[in-house]
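Read the structure below first, then the notes.
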Amino acid sequence: MGIRADEVPFVGAYDASHLSHFNYHDEAPMWWGFWGIIMIETTVFAALIASYYYLNLSYPEIPPAGVKKPDLLMGTISSLVLLSSSYSMHKADSASEKGDVKTLKWGLLVCIALAALFLILKVFEYSKVEYRWDSHAYGSIVWGIVIFHSAHVTSLVLKTIFIAYLSWRGYFNKDRHLGVTINGIYWHFVVIVWIPLYLVIYWSPRLF
Amino acid sequence: MEKAERETIKAPSDNRYYSAAEVEDVAELDRTWASPTGIVGWFQVVNHSNIGRRYVITAFVFFLLAGVLGLMMRTQLMQPEMKLLHPDLYNQIFTMHGITMMFLFAVPVMEGLAVYIVPLMLGTRDMAFPRLNAFGYYVYLLGGITLYVALLFGIAPDAGWFNYPPLASSEFSPGMRVDIYAMLITFIEIAALVAAVELVVTIFKQRAPGMSLNRMPLYVWSILVTAFMIIFAMPVVMVASMFLAFDRNVGTHFFEALSPAGQGPLLWQHLFWFFGHPEVYIIFIPALGIISSIVTTFARRPVYGYTALVLSIVATGFLGFALWVHHMYTTGLPQLGLSFFTAASAMIAIPSGVQIFCWIATLWGGRPQFKTPLLYVLGFFFIFVLGGLTGVMIASVPFDAQVHDTYFIVAHFHYVLIGGAVFPLFGGLYYWFPKFAGRMLSETAGKWSFALMFIGFNVSFFPMHNLGLMGMPRRVYTYIEGLGWNDLNLMATVGAYVLGVGVLISLINVIYSAINGRESGPNPWDSDTLEWACASPPANYNFSPMPAVDSLHPMWDMKERGVRPAVTGVRTDMRQVLTTTLMDARPHALSNLARPSIAPLLLTGAVGLGFIGFLFSINWLILSFFLAFFAIVYWNYPRYDERTPPWKKEGENGN
Amino acid sequence: MRKWRQTQIKLSAILTVAAVVAFFTSCADTRFQSVLNPKSTQAAEIALLWWVMLGVFTVVLLAVTLLVAAAVLRRYDGRRGELSDRQKRNMVLIGGVIIPVVVIFAFVIYSVSVGRYTASVPHDAPITIEVVGHQWWWDIRYRVSGRDLNVRSANEIHVPVGVRVKFVLESRDVIHSFWIPNLQGKTDLIPGRKNFTWVTATEPGIFRGQCAEFCGLQHAKMAFIVVASPEAEFYAWLERQIQPARQPVTEAQVRGREVFETTSCTLCHTIRGTQALAEVAPDLTHVGSRQTLAAGSLPNTRGHLAGWLANPQQIKPGSRMPNLYLRNDELDALIEYLSSLE
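Protein chains in written order, with my numbering: chain A, 22 to 229; chain B, 41 to 695; chain C, 256 to 597.
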């Protein structure tokens, strides 16, 4: 007692003036923030997959009798398109770390094109499916998963358009590329999370 | 061990002590961190202390509203066959009571308190994403107001806070009520989630240098565990409520009993309780942190068993996810599986036991000071242990079959939630109020409030155990004469009003003392953690200079040494904070935080338009998706000074 | 300060003792809707489990409360009164780990063994009663040795004493929960699923059960009566129930039947032996023999029947039973007829 906290003198313990405020990876709160979002989304997708199997428990087979199995060929082609976009995103991202702005610019455009192609293939594929979300519980959950994931791909496209716009304006450089990195992490997440979803939708009807 | 590590702090190179003004330009800090003023300015504020204060005040307003709803229910149940409330209104009221207490009071108040306290405890100047913080608050506020507007118009949700389909389906609950539930629960959980992410990142990255994980205050640990639980629990209820909204509005069949095995209705229960049970711990675990702070301060001893407490808090967090099925014992699931959940539920007693006995051991240390915060904690011991023990009882499948969905359960969860969360929270309110307001609360009023709350609570809720055993189901708007329930119900109602008076005294105490209370100074309780190092109420920048620590009890160290370690070289002309490494909290980088902005409000508008518009048409949801994109672009659009070439800035750096 | 402490300790002591006394006085319970007055083998097992848990946990609660009181109220004389770290560690280990582990272990084993018994529904039970939940009433059918007796009743269940009775539980609309506190814990009625429970009554008596899962507007008034009677009496009753409705005798009864058959009653109700065969509302074939009206919310007297028929929406707002707007003479005749259906 007796000492007022605001009157106690200081002793310099750390000098922060030499530290950079261009942060990479785990130095940046934003990087961690995106991992937080990814954890949230992973939980959402896990809940969707759990619901898929729980609802299908009540049918003797997946999909219920009389419903055609999902089109494996179309599903696989579009999945490969999406997967390949992850490669070009990786290229763009590592180019930006090296300060290679040109590869970054064009890489991002390739990513956007591939994701858009994926969306078009999805629309094409599901416009031919004979059941809808209101046909039966199986239809509800399959459409639910596909629409929810496609909404993610759409948001990726929108976000990446913004990032690409900034990179064409010359905003990113060797030091300042956290935005690209984080966008890349999220991009990879949306691509990777499609793999279990693809297996669930296209392969579990064939395996069970 | 502590001693050896202390020496790792470098002695000042020039053996000189500084006053704050010599380290940093305080006037410039003031300008940099100032919050905008005026009405438009109010919506641009992003500082964590402002947002935290708004959260806490708003949550208490909802607490009072839900309390009034509770008193209305108790009045209706005072006597058999009362005609005070029409069953239709009664059902809305009990549903809103539950929704408000769980979604609009308990979680937001715990997160809001953390938003206020955690950055102070960590010794930083703001949270990692200040604008996200503001966004979360607006979402919460808009969601809460919409729910109460619905109640005013008589279209509030009325299928219970756990809202089981098929009762909640469009067939049995036509109209807008359950849609309001489904959309607004999802919407409000957005607020809970962004605050959780923000708290995790702030705790991970912005601890004062030297605050390694094993020097982190227990309150911060409890918030960290809570935030992770929110991240893994809340998305599930969002999925469930969106499914329900689609079932009701676009004809999906997620929760319908179409299939021969009737999976649909049970899917809701699984999803809901996978969130719903952790929810209880999300409310309770922050209270563990509050209690630890209060016990340490008023026993004047370091808390005993720090490591054991941390482990038990983490264990509680994990176990919380393995219990959800104990809400579904009566649904006819296989017995063998249920036995697992009996064991898992009862196991919670072990970490809880460790916590209780660690605190008892701490209290056994010094001479406890019987200030109001400690009284609330002592009240917690009795109420929470009782509630915990009835909790073990209902982990038993056969016994639960008798008391499930009766007043026994009502008694149990009020014991756990009011005892486990509200009492510690009131303790925390009395404890931290000097920090919020710079003034002390009245001790006399505090003790009266505590005594009335404690007595009123027990008089109100203890008889409910008996009522449940005597066959009274919960959620009944009335009961018939001749069942022997009359006296106990009357007693419960009287107790509820006493409890209400107790709360009212605290409310008056807060309002009165905020204006007339004795000035508190920065550290009125002689506490040990960093939030007491800054002024009360804290300046917008919290600390000048930013502190460093080398033990669990920086304030007690400061008292002992008469000097405190500080961080120098953080820029004062921009909202800059130090980020440190995850485990050891070594300085790592500087992070420039966002300035005040209207963007969070715009994004709230965009997202809110989708969720509230969905009540009328799904097109609003799609429109809001794109509007939200533009709001996010506006939010993140680089500002001019950040676009200046980096080499220029490097040149300016350092002072 | 000291005075405050004393008041506090006295208060908590009084409260704890009062709490325990309050519980134990419930022992002498003669209520007909109570867990603590078990009248079946199943409910008796659960009640015993409850008393054992209550005893053990009261000791735990008292011990913790006393320890807290001792910790904060003990005389403080410098560091000497303080426990050593070793003592503290032992306290946390014993109180926080060892005792809970032992108690929980015993508890889980005991609880699971009780649960195995109460949930072991015998699928060869001589009597099966099918219960279908509706908003807000109970539809009851009987099967004896697997044979459907075509006996349908509502909101009143008869069971023989000393015989295992199996219940098959279903719902046509929302989730309900079937609960007879004196006889057995609850089991949910979930649309799309079949659940089972069982009861072996040990004493004759009349008990009350109530829906325990919130099921909408009139959840509070969705109760039923269970009559446990000696086996012979039960079968005699069943015999009477198999008969179609008794024919009207008096002129008023004949008039009453006419009213019943010519108004909207027949849209929902059945009276076997008349033209009324709809199944969406309670079967009224033997309504006069039942003890309650409106799903256990009114005693079945002429006065209450009159009140119910005259204005059901007043007694049970939102009930599926509409106001009939009968003339007084029609109402009188209808009451005369319905009360005669024993």
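All C-beta atoms, glycine included, are put in the ideal place defined by N, C-alpha and C.
Contact with chain B is found for A:G160, since one of that chain's Cβ atoms lies less than 9 Å from the residue's Cβ. Counting every other CB atom within 10 Å of its CB across the protein chains shown gives A:S148 a total below 16, marking it as exposed. Residues of chain B whose Cβ lies closer than 8 Å to the Cβ of C:D443 are, in chain order, T370, T371 and G372. Pairing A:H173 with B:V234, the inter-Cα distance amounts to about 18 Å. Comparing C-alpha distances from B:R611 to each of B:P585, B:L592, B:L622 and B:R601 shows the shortest one belongs to B:P585. CA-to-CA, the gap between B:V147 and B:I322 works out to about 7 Å.
Taking A:L135 as the centre and dropping the five residues before and after it, the same chain places the C-beta of V102, L103, S105, S106 and S109 closer than 8 Å to its C-beta, in chain order. Sequence-ordered contacts of the stretch 66-95 of chain A with chain B read A68, L69, S72, Y75, L76, L78, S79 and Y80 [C-beta pairs closer than 7 Å]. For B:D597, the enclosing alpha helix (DSSP H) starts and ends at P594 to R601. Shortest Cα-Cα distance from B:F358 to any of B:A267, B:T620, B:S436 and B:Q309 involves B:A267.
With a cutoff of 9 Å on beta-carbon distance, C:L291 and B:M510 are scored as near each other. The Cβ atoms of B:P413 and B:F494 do not sit closer than 9 Å to each other.
Boundaries of the beta strand (DSSP E) harbouring C:P415: E411 to P415, taken from the DSSP string. For C:D443, there is no enclosing alpha helix (DSSP H); the residue is part of the beta strand (DSSP E) that begins and ends at Q439 to L444. Taking 8 Å as the Cβ-Cβ cut-off, the stretch 433-453 of chain B approaches chain C at M433, A435, S436, V437, P438, F439, D440, A441, Q442, V443, H444, D445 and T446, given in chain order.
Beta-bridge annotation (DSSP): C:R463 is paired with C:I480. Contacts with chain C at 9 Å (Cβ-Cβ) include B:V394. For the stretch 430-460 of chain C, residues whose beta-carbon sits nearer than 7 Å to a beta-carbon of chain B comprise I430, S432, P436, G440, K441, T442, D443, I445, P446, G447, R448 and N450. For A:H111, the enclosing alpha helix (DSSP H) covers residues L93 to K119. Put simply, the CB of B:D128 is near chain C, with a gap under 9 Å to one of its CB atoms.
For B:I79, the uninterrupted alpha helix (DSSP H) run begins and ends at G78 to W82, by DSSP.
Beta-bridge analysis with DSSP links B:T619 to B:A629. Of the candidates B:T446, B:G92, B:L182 and B:L144, the residue whose Cα lies closest to the Cα of B:L649 is B:L182. Across the set A:L199, A:S225 and A:V214, the C-alpha of A:L199 shows the shortest separation from the C-alpha of A:Y45. For B:G372 against C:T540, the beta-carbon gap comes to about 31 Å, at or over 8 Å, which does not count as contact. Taking 9 Å as the threshold, the shortest C-beta distance from B:G377 to chain A does not fall below it.
Residues of the same chain with a CB within less than 7 Å of the CB of B:M142, apart from the 5 flanking positions on each side, are W201 and E319 in chain order.
The residue among B:T140, B:N87 and B:S567 with its C-alpha nearest the C-alpha of B:D166 is B:N87. Taken through DSSP and simplified to helix, strand or coil, B:M510 comes out as coil.
In this structure, the CA atom of B:T186 is about 34 Å from the CA atom of B:L530. Counting along the chain, the unbroken alpha helix (DSSP H) around C:H559 starts and ends at R557 to A565. Under the three-pair Cβ rule at 8 Å, the stretch 551-562 of chain B does not count as touching the stretch 325-338 of chain B.
Three or more pairs of CB atoms, one per stretch, sit closer than 8 Å, so the stretch 483-500 of chain B contacts the stretch 544-551 of chain B. Runs of the alpha helix (DSSP H) spanning 4 or more residues and lying entirely within the stretch 348-379 of chain C occur at 354-373, in chain order.
Taking the Cα of B:A297 as reference, the smallest distance to any Cα among C:R419, C:K571 and C:I445 is reached at C:I445. DSSP places B:P605 in no alpha helix (DSSP H) but in the uninterrupted beta strand (DSSP E) bounded by R604 to T608.
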